[in-house]
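First to last, the sequence lines map onto chains A and B.
This note's numbering puts the first residue of the first sequence at 139, with every later residue one more than the last.
This note's numbering puts the first residue of the second sequence at 139, with every later residue one more than the last.
Below is one structure, written out as structure tokens; the observations come after it.
Protein chains: 2
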Amino acid sequence: MKNTIPTLLLDKKKCIQNIQKIFNKTKRNQVKFRPHFKTHQSIEVGNWFKEYGVNAITVSSVKMAKYFSNDWKDILVAFPVNILEIKEINELAEKLKLTLLIENIEALSYLASNLTSPVYYYIKIDIGYHRTGINPKDENIIEQLMRFKSDKLNFIGFLGHAGHSYKCRSEKEILEIHTESITVLKNLKSKYISEFPNLLLSTGDTPTCSIAEDFSGIDEIRPGNFVFYDLTQNNIGSNSQAEIAVCMECPVVAIHNERNEVIIYGGGVHFAKDFLIHKEYGTIYGLVVNNTDWSQSIEGCYIKSLSQEHGILQVSDEFLHSLTIGDTVHILPVHSCMTANSMKEYVTLDGDVISRL
Amino acid sequence: MKNTIPTLLLDKKKCIQNIQKIFNKTKRNQVKFRPHFKTHQSIEVGNWFKEYGVNAITVSSVKMAKYFSNDWKDILVAFPVNILEIKEINELAEKLKLTLLIENIEALSYLASNLTSPVYYYIKIDIGYHRTGINPKDENIIEQLMRFKSDKLNFIGFLGHAGHSYKCRSEKEILEIHTESITVLKNLKSKYISEFPNLLLSTGDTPTCSIAEDFSGIDEIRPGNFVFYDLTQNNIGSNSQAEIAVCMECPVVAIHNERNEVIIYGGGVHFAKDFLIHKEYGTIYGLVVNNTDWSQSIEGCYIKSLSQEHGILQVSDEFLHSLTIGDTVHILPVHSCMTANSMKEYVTLDGDVISRL
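Structure below.
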């Protein structure tokens with residue numbers, strides 16, 4: 139059965155295998171699994187984690203926390219707290235165990251004066267990505283934040299995100315970043331553990347969590363993208379192409395024999411516009427795969443550009459001649475978080491629709 | 139009143155001025171105005187056009203046509219017809235005057251066999267953009283499509299989209315493309331007008347429609363982006379910065395004095411990820427402007443990168459020192475169509491919420 143409009147297919151079996159793989163790793167390493175739900179943003183997909191005993195999650199916005207708040211009672215909002223959302227934060231803090239991310243005294247002071255229920259907080263440490271977080275050398279600020287006195291605010295530890303692992307292209311590079319970045323956190327723990335005996339360390343981007351095997355000293359990991367994986371993670375070395383659990387299905391609307399191009403209904407509003415530099419094809423926005431076996435790429439076939447609703451495929455002679463107007467093609471996304479966010483729902487291989495935020 | 143989460147502000151006055159500007163041009167040139175609604179995708183914004191006597195619109199998907207189908211009775215779907223949506227096409231054709239875009243015999247034959255109500259069709263001609271459409275030299279195909287006999291299919295003319303005008307950086311370049319691209323259409327009209335005396339020509343991207351003054355020989359224009367404009371159009375030369383009618387408002391969540399960076403709540407899921415190359419700043423994803431006067435950029439302040447929920451601003455010393463956690467900043471989008479598609483609603487300067495598809 140072909141889907142008639144651009145559709146994000148979800149292979150539930152692969153998705154559950156991905157969950158199981160990371161779950162088993164957390165068991166082996168005795169580290170808490172607090173999966174990041176920003177990739178799937180779906181109550182139903184979230185429920186698949188519950189079968190593995192997962193009871194705490196990570197999200198990246200207050201809006202997402204609210205969406206999951208009837209199903210999860212221990213939620214970390216892993217984004218520098220937005221104090222303008224104090225009303226929603228208070229509503230959440232009243233109904234569940236809410237953990238926030240703090241990296242400046244202004245936000246902490248504001249919360250102390252305006253919270254109506256207690257919350258927990260991690261201090262966000264810059265462990266090498268340099269997007270945000272406190273420089274680990276800024277001990278004055280760190281100490282000011284961890285020693286802040288408020289009956290509504292409970293300091294629980296340090297959190298980092300090694301987002302610079304996305305620049306890696308091999309296991310070796312990923313492991314180097316893993317070791318360096320968790321060392322930053324472990325040094326802080328050593329320094330302050332006597333003052334805060336229950337101090338926790340939280341880390342976990344998808345590349346390091348997929349590849350690393352040693353999480354000693356870390357208390358909690360929070361990968362998210364692994365639930366679906368994508369071409370970007372495959373390019374980094376986090377996963378095999380066979381593990382990618384989501385795939386776009388798009389109708390063919392025009393065929394240009396003279397330049398080996400195919401126009402699909404499926405553009406920037408469907409795929410989003412993340413791209414990657416493929417070693418053979420240059421800039422690509424997706425890879426064409428076999429309709430029923432997404433581990434098999436169709437040689438020489440990829441999205442070369444996207445406009446709002448159009449996707450332009452560069453294709454091989456063989457693939458070009460196999461296509462007819464009204465066929466659908468299957469395309470692995472470059473960045474599954476962004477594609478899933480654009481598509482707003484999943485269709486399983488059995489044709490069931492799974493909703494999301 | 140600050141908005142507490144990333145919000146797409148809409149200056150209704152500027153928007154209506156933009157509509158009026160193009161409307162006046164169509165009056166002067168006696169060319170039909172069939173605005174493209176893919177940018178705003180809002181019934182309410184659409185209604186602002188009705189005051190200018192507009193009664194026919196353009197959309198880029200069957201889904202969008204359906205959304206507007208209670209309010210508009212003459213809709214062109216300016217996208218190569220997706221025959222897999224025959225059910226929805228028949229539903230629309232039954233309730234309104236539906237015009238489709240044809241560029242191959244397969245789609246036309248399929249429609250002839252499967253339509254239950256009559257539709258109109260333009261033949262899509264490649265007038266230089268080379269995204270899709272028929273090469274104007276392929277007269278055999280063009281003639282086959284225009285002479286196709288079916289009581290459900292009415293050929294009305296040729297349609298082109300000069301999307302290559304987006305590569306222009308001056309009025310002169312835009313006017314060259316305008317002249318070249320409409321000449322392609324006018325030559326076809328001259329050739330076939332005796333056979334089809336009512337043959338129409340439809341064109342109209344925002345750059346050429348904003349800059350050109352001569353539309354003689356053209357019957358209909360279909361610009362869309364002009365309703366809001368954006369930094370991309372400003373960079374091309376289509377509009378002044380003062381004409382940009384939408385602006386993002388985003389909360390400040392972290393300030394990094396040591397590297398003149400500010401983290402805002404507002405990422406790729408809000409702005410979308412179109413970028414442009416600014417002559418001073420390099421790659422930018424948005425420009426910071428004065429909160430109340432969007433025509434005034436804040437020197438040296440722009441979005442340098444976006445992740446899912448985070449925006450990273452590069453800012454000047456002066457702007458950095460003026461900011462506090464919990465402030466909001468105002469940012470002009472690079473590509474308003476994509477930002478509006480991500481945001482899903484508008485908030486006017488009076489605080490009214492305007493919904494969209």
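A virtual CB, placed ideally from N, CA and C, is assigned to each residue, including glycine.
Values in this document were obtained by computation on a predicted structure and should not be read as measured data.
With DSSP collapsed to three states, give me the class of residue i.
i	result
B/K152	helix
A/C388	strand
A/P345	helix
A/T370	helix
B/L425	strand
B/L495	coil
A/C475	helix
A/Q282	helix
B/L323	helix
A/I402	strand
A/H299	coil
B/Q379	helix
B/F293	strand
A/E418	coil
A/K275	coil
B/I356	coil
B/S340	strand
B/V453	coil
A/K287	coil
B/E351	coil
Buried or exposed: where does residue i fall if 16 or more other Cβ atoms within 10 Å of its Cβ makes it buried?
i	result
B/I422	buried
A/K176	buried
B/T466	buried
B/K151	exposed
B/V491	exposed
B/N395	exposed
B/H408	buried
A/T344	buried
A/T317	exposed
A/M139	exposed
B/I272	buried
A/K411	buried
A/G342	buried
A/S303	buried
A/R285	exposed
B/P471	buried
Compare the C-beta of residue i against all C-beta atoms of chain A and say whether one is closer than 8 Å.
i	result
B/R494	no
B/Y258	no
B/E241	yes
B/S198	yes
B/G489	no
B/Y535	Here chain B has residues from 139 to 495 only, and residue 535 of chain B is not among them.
B/F217	yes
B/Y403	yes
B/N479	yes
B/A300	no
B/V407	yes
Could you check whether the Cβ of residue i sits closer than 8 Å to any Cβ belonging to chain B?
i	result
A/E447	yes
A/T344	no
A/L222	yes
A/R269	yes
A/E496	Residue 496 of chain A falls outside the range modelled here, since chain A spans only 139 to 495, and no answer is possible.
A/D510	A question about residue 510 of chain A goes unanswered here, because the residues of chain A that appear run from 139 up to 495.
A/T142	yes
A/Y205	no
A/G464	yes
A/F175	no
A/P389	yes
So does residue i have its beta carbon nearer than 7 Å to some heavy atom of the ligand NAD?
i	result
B/S288	Only the bare structure without any ligand can be found here, which leaves the ligand NAD out of the picture.
Using a Cβ distance threshold of 8 Å, determine whether the segment 194 to 202 of chain A contacts the segment 221 to 233 of chain A, with at least three qualifying pairs required. yes
What are the complete alpha helix (DSSP H) segments, minimum 4 residues, inside the segment 218 to 268 of chain B? 224 to 233 and 243 to 252
My parser needs the beta strand (DSSP E) runs of 3 or more residues fully inside the segment 143 to 219 of chain A; what are they? 145 to 148, 195 to 197 and 212 to 218
Would you call the segment 258 to 273 of chain B and the segment 169 to 184 of chain B touching, i.e. three or more CB-CB distances under 8 Å? no
Are there three or more Cβ pairs, one per stretch, closer than 8 Å when the segment 314 to 328 of chain A is compared with the segment 340 to 358 of chain A? yes
The segment 161 to 174 of chain B in contact with the segment 445 to 459 of chain B per 3-pair CB rule at 8 Å: no
Is the segment 206 to 217 of chain A in contact with the segment 396 to 407 of chain A, if contact means three or more CB pairs nearer than 8 Å? no
With three or more beta-carbon pairs closer than 8 Å as the criterion, would you say the segment 141 to 158 of chain B touches the segment 439 to 458 of chain A? no
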